[in-house]
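Let me begin by presenting the structure, written as structure tokens, before commenting on it.
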Amino acid sequence: MSQLQCSWVPGTFNRVRMNSIHDLIEITIERAERILGRGSLHDLYLKGRVTLTVNEDVLQRLSA
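As numbered in full-length UniProt numbering, residues 1 to 64 make up the sequence shown, in order.
What follows is the structure, given as structure tokens:
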């Protein structure tokens, strides 16, 4: 399991920056919600940041 810190890409409304100990990923919010589940990024909309605990399989799917 790894910690995944998510925040908005500055200047965008639909891109998310995801930072783990392994990698820095920038993907669309739609793709992130498809992989992580729609409710998983709820705090991102409210606070601008969210930290999730994910397994290695999810990290691979996000970076593919």
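From the three backbone atoms N, C-alpha and C, an ideal C-beta is built for every residue, glycine too.
Beta-carbon contacts of residue i that lie in its chain and below 8 Å, excluding the five residues immediately before and after
i     : result
SER16 : The question names Ser, but residue 16 in the sequence shown is Val. If we look at VAL16 and ignore the five residues flanking it on each side, its Cβ neighbours are CYS6, SER7, TRP8, VAL9, GLU26, ILE27, THR28, ILE29, ALA32, LEU41, LEU44.
GLN60 : none
Enclosing alpha helix (DSSP H) for residue i [first to last residue]
i     : result
ILE35 : 29-36
Element boundaries [beta strand (DSSP E), containing residue i]
i     : result
VAL58 : Not the beta strand (DSSP E): VAL58 falls in the alpha helix (DSSP H), residues 56-63.
MET18 : 15-19
Rounded separation between residue i and residue j - CA only
i     : j     : result
GLY39 : ILE21 : 23 Å
LEU52 : THR12 : 21 Å
VAL54 : MET18 : 12 Å
LEU46 : ASN14 : 14 Å
Residues bridged to residue i (per DSSP)
i     : result
VAL50 : CYS6
Proximal residues to residue i (C-beta, below 6 Å), its chain only, five neighbours per side dropped
i     : result
ARG49 : SER7
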